[in-house]
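Below: one structure, written as structure tokens.
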Amino acid sequence: MPRRRIPIPWLSALLLAPAALAHAQPAALDEAGAPAPRELTGTLADAPEAAPSAPTPSATEPEDSTPEDSTPDASEPAGTPPARDDAPAPREPEDSAIPTPGPVQRFRLGNGLRVAYQRDPRWSFSAVCLAFGVGSSDDPEGLRGLAHLTEHTMFGPFPGAPNGFDAAVQPLGATYVNATTGPEVTTYCTEVPAANLPALLHLEAGRMGYLLGTLGEEDVARERLAVLNEQHARGRHRAGWRIGEWESEELWPEGHPRRYSDEDGVEAIRLEHVQWFHQTWYGPANAVLAIVGPEPLERVRPRIERELGVLRGARPPARSVPETPRWERDRYLRVGMLYRRSELHLVWRTPAYFAPGDAALDVVATLLDRRLEEAFEDLEDVRVSVRQYSGAFASTFRVSLVGPEELDVMDVVLPRADAVLAELAEEVDEAAVADARRGWAIGASAGWDRALTRAAFLARWTARGRPLDPEDDAERYRAVTHDEVRATIRRLREEGRLIVHARFNRLAPFEGAHERSRWR
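In our numbering, the protein residues as written are -6 to 513.
Laid out in structure tokens, this is it:
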């Protein structure tokens, strides 16, 4: 289903991710079966009217300072289509004084809905992001892709929006309408002129509480086709598409949120499955509403309580993240593919986003990338990439070296890469660490002047049970020390990793061939 979007700097890194929040390398100082459906939430008779009515506050309670145990970064970056020509642009304030965003204010409604609000008087637009603590890692066996398909159906018609959510928000002057499904969180974001925030909240309450009353099998069939088309466009059927799945199976135990979801069960999904999934996970107790806009909270809160405080739903099932044992030695995976090239990927399992050591790994990625570029200068056709992919419950640190088919990956490339890592562990230049740290802090601060970027961050991380503020991201890089970087590099050398050797095999099937896996 097409969405109205505008380009948002850094938003893709916050909203999208197949497995984790992927930090892009900054330049030096630049960037089933499922159970039967349950009773539907609400009835058509209970549905909200098309026009918002006067606010009537509902019971609320302050947000607990202790994060909840929520569903588990990971995040698939994607580009954003051009802006609407007729979309009004946010206006800069006319005051000579430069206003700044206020503190993030958090509270919880009586039905369990968590709310994060930040006043930003610099703009005349309000950004609303509604996040649910559920994602592709919660897909039932045999119905993989159910979380993604359910996301699509949320744009269908419901009482008050007979032509669907997109058509209802366009007259409000929406400049951005989109949704994304990650491994742990599904997020819906919309940006409208601040004067139309009450109408948008009315629509959000309508589709959250009453959409299932009008959703039909034909709606699910339409969105099922849309998801299958998305899979094709994103390369699910490209040569070697199963290699990522095999790699994920080596790294993570069954049931781990970082485990790769292939969405191979979409064709089996029907209305009853979407109803069950929505009833299980889309209640207010599993949702977060994040708003960034120019109005003070005391003007917005009554409308939030009126529109969303009346919704009801079951609490989500309790879940746990499987324990991931430490590897004492390397694991080797060899795969065949139809591409005429050789690839070496070194993958470590690393701490979660904002856990101790996570920010230091980003700094290490910058330092190691520069050293490897220098070490492989004599091999012009070898491409180097080093990244830390940070997720809510676990992350991965990845070194990739890709070259021509004849490249001797195991006997030439791997020993040289290990030598560079050993050298870096012994000689970590303090000036280089400071430079990389500064680059990451600057990059983490980019884009926070946009209300939509802030709202997305607040919604996603609160839904993950970690109520972070946007400014925390840059601050964690400033706190990285030279000694911490050295200790991080030493741990990479000591811990086991996954060595993925991908090579050309003319006899490999189109999706790739799992040739061998073993301990080294």
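For every residue, glycine included, the Cβ atom is placed at its ideal position computed from N, Cα and C.
(message) Comparing C-alpha positions only, which one of Leu194, Leu407, Leu337 and Arg115 sits nearest to Arg496?
(response) Counted from its first residue, the sequence shown places residue 496 at position 503. Nearest to Arg496 by C-alpha distance, out of Leu194, Leu407, Leu337 and Arg115, is Leu337.
(request) Could you please give me the residues that DSSP links to Arg99 through a beta bridge? (result) By one-based count along the sequence shown, residue 99 stands at place 106. Looking at the DSSP assignment, Arg99 forms a beta bridge with Ala109.
(message) Please tell me whether Pro537 and Arg443 are closer than 8 Å, where the distance is taken between their beta carbons.
(response) Past the edges of the chain, shown from -6 to 513, lies residue 537, and the structure says nothing about it.
(message) Quick check on the DSSP output: the alpha helix (DSSP H) that includes Pro133 runs from which residue to which?
(response) Within the sequence shown, numbered from 1, the residue matching residue 133 stands at position 140. Looking at the DSSP string, Pro133 is not in any alpha helix (DSSP H), and its letter there is neither H nor E.
(message) For the structure I just gave you, are there three or more beta carbon pairs, one from the stretch 414 to 432 and one from the stretch 142 to 150, closer than 8 Å?
(response) Because the criterion of three Cβ pairs below 8 Å is not met, the stretch 414 to 432 and the stretch 142 to 150 do not touch.
(message) Please state the DSSP three-state secondary structure of Glu240.
(response) Numbered from 1 along the sequence shown, position 247 holds the residue referred to as residue 240. In the three-state reduction of the DSSP assignment, Glu240 falls in the helix class, which pools H, G and I.
(message) Could you tell me the alpha carbon to alpha carbon distance between Arg305 and Ser393, rounded to whole angstroms?
(response) Taking the sequence shown and counting its residues from 1, one reaches residue 305 at position 312. Taking the sequence shown and counting its residues from 1, one reaches residue 393 at position 400. Each residue's alpha carbon lies about 48 Å from the other.
(request) Would you be able to state if there are at least three C-beta pairs under 8 Å between the stretch 276 to 290 and the stretch 242 to 252? (result) no
(message) Going by DSSP in three states, Phe118 sits in which element: helix, strand or coil?
(response) What you label residue 118 is simply residue 125 of the sequence shown in a count that begins at 1. In this structure, Phe118 counts as strand in the three-state DSSP scheme.
(message) Determine whether the beta carbon atoms of Gly126 and Val185 lie at a separation below 8 Å.
(response) Along the sequence shown, read from residue 1 onward, the residue named residue 126 stands at position 133. Along the sequence shown, read from residue 1 onward, the residue named residue 185 stands at position 192. No, Cβ-Cβ distance for Gly126 and Val185 is not below 8 Å.
(request) Alpha carbon to alpha carbon, how far is Arg251 from Arg299? Give it in angstroms, no decimals. (result) Counting from 1 along the sequence shown, the entry for residue 299 is found at position 306. Counting from 1 along the sequence shown, the entry for residue 251 is found at position 258. Whole-angstrom Cα-Cα distance: 37 Å.
(request) Using the Cα positions of Gln272 and Val405, report the straight-line distance between them to the nearest angstrom. (result) Along the sequence shown, read from residue 1 onward, the residue named residue 272 stands at position 279. Along the sequence shown, read from residue 1 onward, the residue named residue 405 stands at position 412. Taking the straight line joining both Cα atoms gives about 55 Å.
(request) Going by CA-CA distance only, name the one from Leu485, Pro191 and Glu373 that's closest to Trp320. (result) For this step, residue 320 is matched to residue 327 along the sequence shown. That would be Leu485, whose Cα lies nearest to the Cα of Trp320.
(message) Measuring only the C-alpha atoms, how far is Phe270 from Ala307?
(response) Position 277 of the sequence shown holds residue 270. Position 314 of the sequence shown holds residue 307. The straight-line gap from Cα to Cα measures roughly 12 Å.
(message) Using the Cβ count rule (16 or more neighbours within 10 Å means buried), how would you classify Gly440?
(response) Residue mapping note: residue 440 aligns to position 447 of the sequence shown, counting from 1. Gly440 comes out buried.
(request) Could you tell me whether any non-hydrogen atom of the ligand MG is closer than 7 Å to the CB of Asp113? (result) With respect to the ligand MG, the structure shown offers nothing to examine, as it has no ligands at all.
(request) Starting from the C-beta of Arg322, find all residues in its chain whose C-beta is less than 8 Å away, skip the five residues before and the five after it, and write them out in chain order. (result) Here residue 322 refers to the residue found at position 329 when the sequence shown is read from its first residue. Cβ neighbours of Arg322 beyond the five flanking positions: Gly489, Trp512 and Arg513.
(message) Short of 7 Å in beta carbon distance, which residues of its chain neighbour His507, apart from the five on each side in sequence? Order them along the chain.
(response) Within the sequence shown, numbered from 1, the residue matching residue 507 stands at position 514. Around His507: Trp239 and Val328.
(request) Could you tell me the distance, in whole angstroms, from the CA atom of Glu260 to the CA atom of Gly237? (result) Locating residue 260 in the sequence shown gives position 267, where the first residue counts as 1. Locating residue 237 in the sequence shown gives position 244, where the first residue counts as 1. Taking the straight line joining both Cα atoms gives about 21 Å.
(message) Between the alpha carbons of Ser129 and Asp257, how many angstroms are there, rounded?
(response) Taking the sequence shown and counting its residues from 1, one reaches residue 129 at position 136. Taking the sequence shown and counting its residues from 1, one reaches residue 257 at position 264. Roughly 12 Å between the two C-alpha positions.
(request) Check whether the stretch 187 to 198 touches the stretch 208 to 218, counting contact only when three or more Cβ pairs, one atom from each stretch, lie closer than 8 Å. (result) no
(request) Evaluate Arg499 with the Cβ neighbour count: other Cβ atoms within 10 Å of its Cβ, from every protein chain shown; 16 or more gives buried, anything less gives exposed. (result) In the sequence shown, counting from the first residue as 1, residue 499 sits at position 506. Arg499 should be labelled exposed.
(message) To the nearest angstrom, how far is the alpha carbon of Ser378 from that of Asn104?
(response) In the sequence shown, the residue the question calls residue 378 occupies position 385. In the sequence shown, the residue the question calls residue 104 occupies position 111. Computed Cα separation, rounded: 46 Å.
(request) Work out the CA separation of Pro176 and Arg137 for me, nearest whole Å. (result) Here the question's residue 137 lines up with position 144 in the sequence shown. Here the question's residue 176 lines up with position 183 in the sequence shown. Distance between the alpha carbons of Arg137 and Pro176: 12 Å.
(message) Do Val285 and Phe142 have their beta-carbon atoms positioned less than 8 Å apart in this structure?
(response) Indexing the sequence shown from 1 puts residue 142 at position 149. Indexing the sequence shown from 1 puts residue 285 at position 292. What sits at residue 142 in the sequence shown is Leu, not Phe. It is not a contact, given that the beta carbons lie outside the stated cut-off.
(request) Measure the C-alpha to C-alpha separation of Arg296 and Gly302 and round it to an integer number of angstroms. (result) The residue labelled residue 296 in the question sits at position 303 within the sequence shown. The residue labelled residue 302 in the question sits at position 309 within the sequence shown. Using only the alpha carbons, I get a separation of about 9 Å.
(request) Determine the contact status of Thr180 and Ala124, defining contact as a CB-CB distance below 8 Å. (result) If you number the sequence shown from 1, residue 180 lands on position 187. If you number the sequence shown from 1, residue 124 lands on position 131. Contact flag set, yes.
(request) Run the CB neighbour count on Asn171, radius 10 Å, all protein chains shown included, and call it buried at 16 or more, exposed below. (result) Taking the first residue of the sequence shown as 1, we reach residue 171 at position 178. Asn171 should be labelled buried.
(message) Determine whether the beta carbon atoms of Asp384 and Ala437 lie at a separation below 8 Å.
(response) Working through the sequence shown from its first residue, we reach residue 384 at position 391. Working through the sequence shown from its first residue, we reach residue 437 at position 444. The sequence shown places Gly at residue 384, not Asp. Not in contact: Gly384 and Ala437 (Cβ atoms no closer than 8 Å).
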